[in-house]
Each structure stands twice: as C-alpha cells, then as structure tokens.
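Q: In this note's numbering, the protein residues as written are 559 to 806. For each residue, glycine too, the CB sits at the ideal point set by N, CA and C.
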Ligand code: TYD
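In structure tokens:
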C-alpha cells in the first residue's frame, strides 16, 4: 500500500491480521496450500464418468517412471483400506442422504491425504490421483445441489487445504460418457443426464476460474493425443525441455 500514510497502513495491516486470526478461530477460512510447498508433485485427474481418466493416469505414470520419478497412482474414493470400505458404502450401498454422501467422500479424502498423499509428497514423489476434491464440488456441490461453496469449504477443511499443482480435466459430454460406460455401475452413474450435465458445467467453471492450475482436454480426442497434451503440460511443471510441443 505505497500511497497510504504509515499510521494508516499499520492500522490496516493490523486489522487484516486480526480478521484473519478471527476467521481461523471461527473455522471459516482455510488457506489453500499449494502442493508445491512440499517436495513432490501433486496431480489430479478429473472429469465425468467414462472420460478415460484411469487410462491417462496409467500412461502418465509410465512416462514419469521412464524419466526416473517415483510415482504413486491412487484414486478416490477408495485409495486406502478405510477408503475401500467408504467406497462400498457410498457407491454400492442403498440410498445415502446427500449430505451424508458429501461427508463420506470428504472422510475418504481426509484419510487419503493424511495417510497416503502427504507422506508421498513429503518423500518427493509424484502423486497422481484419479479424482480429488473437484469431484465433490461438482457431483455433490452442483449435481446434488448442496452448494458449491459449502462443499469446497468442507473439503478444504478435510484436506488441510492441500490442492493439486495441476488438475487435468478430461471433458466429455454427458451423453458420450453414458454411451461409453455401456451400463450403470454405481449410484452416481445411475443419475440422469441433466445431473451429469450440471457436473460437467461445474468442472468447466472450476477450470475456467483458475487456468494456471488446470488443463482441460477434449475427452473425445484419441487416447494418445490426450496423453501428449498432458505430457506437454506436466513437462512445464517439471521444467523439462520440449521439442515441437512434445516433451521428451
Ligand atoms: P469410479 O468407479 O471411481 O468411477 P470413475 O472411473 O468414473 O472415476 O466412481 C466414482 C464415482 O463417485 C463417480 O461416479 C463420481 C463419484 N464421486 C463423487 O460423487 N464425489 C466424489 O468426491 C468422488 C471422489 C467421486
């Protein structure tokens, strides 16, 4: 604040500090912590059902391992033993109330972050997760209409504010995803196309609001073309040289 008198500036700084401390005490604000603050690299793959995220996770792992990185590929829900029990409850059980559903996904994520993701990042590894908190923001916040801000806040609390360095959104129209799935496999997939349409719109809005942290790829491109686009972007995070747009 260069144009303010020193007393005014000091008072302003003090007020901001007091407000910030108060917000923390009330538990209303969690400052997102970029994963770059730890030694590893945290990448999330997001998108609708049937978008091909798992294939991209596998291809990315192979490429990164070829470059000498230690890579952990994991998923939500169900990246831990605890999470596998939650996965059964939330995806394959009977009706779950929407708020309980949001809390179960957040509980899976809290445990996943504390016992698997953070330790791997602290060891300097690359963590690739097939879905993370944007899935909750899109499916529970927008699809179930629980409120995007509330679900984001819940998940920032659950994860201690850990956000990926890069989120790759594999974007696909709901109808194309449904045709690819060739059948219903869980409670969320069973939702109607307008639910999946709202989920898609929210994913795109999240990516649009923070282009530095997102890569949006067209899920109808070939598997290899998507992998190439992902490699180029990840190479910039690893500061690797690229040749003709394709990283070595
Ligand atoms: P999964 O079998 O892992 O499907 P996919 O291969 O599409 O990732 O199923 C996960 C389902 O759970 C999927 O329909 C999305 C949903 N989901 C949520 O609704 N909220 C969440 O926070 C997460 C992680 C997943």
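So, are the CB atoms of residue 669 and residue 638 less than 7 Å apart?
A: Here residue 669 refers to the residue found at position 111 when the chain shown is read from its first residue. Here residue 638 refers to the residue found at position 80 when the chain shown is read from its first residue. Yes, the pair counts as a contact, with Cβ atoms nearer than the cut-off.
Q: Can you tell which of 707, 662 and 676 has the C-alpha that lies nearest to the C-alpha of residue 760?
A: Against the chain shown, residue 760 aligns to sequence position 202. The shortest C-alpha separation from residue 760 is found at 707.
Q: So for residue 703, helix, strand or coil by DSSP?
A: On the chain shown, position 145 is the one that residue 703 refers to. In this structure, residue 703 counts as coil in the three-state DSSP scheme.
Q: Leaving out five residues on either side along the sequence, give the residues of the same chain with a beta carbon under 6 Å from the beta carbon of residue 611.
A: Against the chain shown, residue 611 aligns to sequence position 53. Excluding sequence neighbours, residue 611 sits near 603, 605, 688 and 728.
Q: With residue 758 and residue 732 assumed to form a contact (beta carbons below 8 Å), what rounded beta-carbon distance in angstroms separates them?
A: Locating residue 758 in the chain shown gives position 200, counting from the first residue. Locating residue 732 in the chain shown gives position 174, counting from the first residue. Correct: roughly 6 Å between the Cβ atoms.
Q: Short of 7 Å in beta carbon distance, which residues of its chain neighbour residue 621, apart from the five on each side in sequence? Order them along the chain.
A: Translated into the one-based positions of the chain shown, residue 621 becomes position 63. Same-chain partners within the cutoff: 789.
Q: Roughly how many angstroms lie between the CA atoms of residue 722 and residue 653, to the nearest whole one?
A: Taking the first residue of the chain shown as 1, we reach residue 722 at position 164. Taking the first residue of the chain shown as 1, we reach residue 653 at position 95. Those two C-alpha atoms are separated by around 31 Å.
Q: When every heavy atom of the ligand TYD is checked, does at least one fall within less than 6 Å of the C-beta of residue 746?
A: By 1-based counting over the chain shown, the position of residue 746 is 188. Yes, the Cβ of residue 746 comes within 6 Å of a heavy atom of the ligand TYD.
Q: Identify every run of the beta strand (DSSP E) within the region 715-760, keeping only runs that are complete inside it and at least 3 residues long; order them along the chain.
A: As far as the region 715-760 is concerned, its whole beta strand (DSSP E) runs of at least 3 residues are 724-729.
Q: Quick check on residue 792 - is its C-beta less than 7 Å from some C-beta in chain D?
A: Protein chains in the displayed structure number just one, and chain D is not present.
Q: Ends of the alpha helix (DSSP H) at residue 792?
A: For the purposes of this step, residue 792 is taken as residue 234 along the chain shown, with counting starting at 1. Segment 781-796, the alpha helix (DSSP H) holding residue 792.
Q: Where does residue 671 fall in DSSP's three states?
A: Numbered from 1 along the chain shown, position 113 holds the residue referred to as residue 671. Reduced to three states, the DSSP call for residue 671 is helix.
Q: Count the other CB atoms within 10 Å of the CB of residue 756; is the residue buried (16 or more) or exposed (fewer)?
A: For the purposes of this step, residue 756 is identified with residue 198 of the chain shown, where counting begins at 1. Per the 10 Å Cβ criterion, buried.
Q: What residue does the alpha helix (DSSP H) around residue 632 start on, and which one ends it?
A: What you label residue 632 is simply residue 74 of the chain shown in a count that begins at 1. Not the alpha helix (DSSP H): residue 632 falls in the beta strand (DSSP E), residues 629-633.
Q: Under 8 Å, with one C-beta from each stretch per pair, do the region 759-773 and the region 733-740 reach the 3-pair mark?
A: As far as the Cβ criterion goes, the region 759-773 does not touch the region 733-740, which means the pair count is below three.
Q: In angstroms with no decimal places, state the Cα-to-Cα distance between residue 579 and residue 715.
A: Translated into the one-based positions of the chain shown, residue 579 becomes position 21. Translated into the one-based positions of the chain shown, residue 715 becomes position 157. At residue 579, the pLDDT of 46 sits below 50, so the modelled position is not reliable; the number obtained from the coordinates is stated separately. Approximately 16 Å between the Cα atoms of the pair.
Q: Looking at the unbroken alpha helix (DSSP H) that takes in residue 678, where does it start and where does it end?
A: Taking the first residue of the chain shown as 1, we reach residue 678 at position 120. Where residue 678 is concerned, the enclosing alpha helix (DSSP H) stretches over 676-680.
Q: What are the boundary residues of the beta strand (DSSP E) that residue 685 is part of?
A: Taking the chain shown and counting its residues from 1, the one referred to as residue 685 is at position 127. Residues 684-688.
Q: Please state the DSSP three-state secondary structure of residue 620.
A: Here residue 620 refers to the residue found at position 62 of the chain shown. Of the three classes helix, strand and coil, the one that applies to residue 620 here is helix, per DSSP.
Q: Report whether the distance from the Cβ of residue 634 to the nearest heavy atom of the ligand TYD is below 6 Å.
A: Position 76 of the chain shown holds residue 634. Yes, the Cβ of residue 634 comes within 6 Å of a heavy atom of the ligand TYD.
Q: Residue 776 lies in the alpha helix (DSSP H); which residues open and close that run?
A: Within the chain shown, the letter at position 218 stands for residue 776. Careful: residue 776 lies outside any alpha helix (DSSP H), inside the beta strand (DSSP E) at 772-776.
Q: On a CA-only basis, which of 598, 599, 617 and 607 is nearest residue 784? Give me that one, please.
A: Walking along the chain shown from the start, residue 784 turns up at place 226. Answer by Cα proximity: 617.
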